[in-house]
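Beneath this line is the structure, given in structure tokens, with notes to follow.
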Amino acid sequence: MHEHEVKIRFCETDLLGHVNNNNFFIYMEDSRIRFFDDLELVGDNWNFILASTKCDFIKQVYFSQTLVIQSHVTKVGNSSFHLIQEMFEKESGKLVAKGKSVIVQFDFEKQQSHPLSEKMKETLASYQLAAN
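According to this note's numbering, the residues represented by the sequence shown are 40 to 171, in order.
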């Protein structure tokens, strides 16, 4: 499992006083980028695109709270992988949101998917959940 922390800023809240739903996708993106960097999946050329994403909002989050985002791989394919990102309140440990994404390695010159290397597959598999 990969972990990343996010501190909620005032500008991420809305008129209702809680974090606006759009920001959860930003938190997921930030965590994915850290995931890619920490696993050394990207070098000088960024070669991944987001094919699909969704987020279930479970509990409201407010300014100044800290979220811990845990990322798990659920499936590794030929040129893509599936990622679950669970967001927890750091203080209470309660689940506040759960996101799912499909990420594809992409060849921008050919404008098509590109197979993951065996090394990438092995690295991703080491972050894969034992049971989905």
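Each residue gets a CB set at the ideal place from its N, CA and C atoms; glycine is no exception.
Within this structure, are the beta carbons of residue i and residue j separated by less than 7 Å?
i: VAL100; j: VAL58; result: yes
i: ILE88; j: VAL143; result: yes
i: MET40; j: GLN109; result: yes
i: ASN84; j: PHE145; result: no
Identify the continuous alpha helix (DSSP H) that holds residue i and give its terminal residues.
i: LEU80; result: It is not in any alpha helix (DSSP H) - LEU80 carries neither H nor E in the DSSP assignment.
i: LYS93; result: Taken as a continuous stretch (DSSP letters only), LYS93 belongs to no alpha helix (DSSP H), being part of the beta strand (DSSP E) at 87-96.
i: LEU163; result: 157-164
State buried or exposed for residue i, treating a residue as buried only when at least 16 other CB atoms are found within 10 Å of its CB.
i: PHE147; result: exposed
i: GLY138; result: buried
i: VAL45; result: buried
i: SER70; result: buried
Among residues of its own chain, excluding the 5 on either side of residue i, which ones have a beta-carbon nearer than 8 Å to its beta-carbon?
i: PHE96; result: ASN60, PHE63, VAL135, ALA136
i: GLU42; result: VAL107, ILE108, GLN109, SER110
The beta strand (DSSP E) with residue i in it runs from where to where?
i: THR52; result: Where THR52 is concerned, there is no enclosing beta strand (DSSP E), given that its DSSP letter is neither H nor E.
i: SER126; result: It is Met, not Ser, that sits at residue 126 in the sequence shown. Where MET126 is concerned, the enclosing beta strand (DSSP E) stretches over 119-128.
i: GLU42; result: 41-46
i: LYS137; result: 134-146
Report all residues from its chain with a CB closer than 7 Å to the CB of residue i; omit the five preceding and five following residues, and keep chain order.
i: PHE120; result: VAL112, LYS114, ILE142, LEU163
Going along the chain, which residues of its own chain have a beta-carbon closer than 6 Å to the beta-carbon of residue i, five neighbours each way excluded?
i: PHE102; result: ILE47, PHE49, THR52
i: GLN167; result: VAL112
i: LEU54; result: none
i: ASN117; result: PRO154
Answer yes or no: the CB of residue i versus the heavy atoms of the ligand PLP, is any distance below 6 Å?
i: LEU89; result: Absent from the structure shown: the ligand PLP. Ligands present: none.
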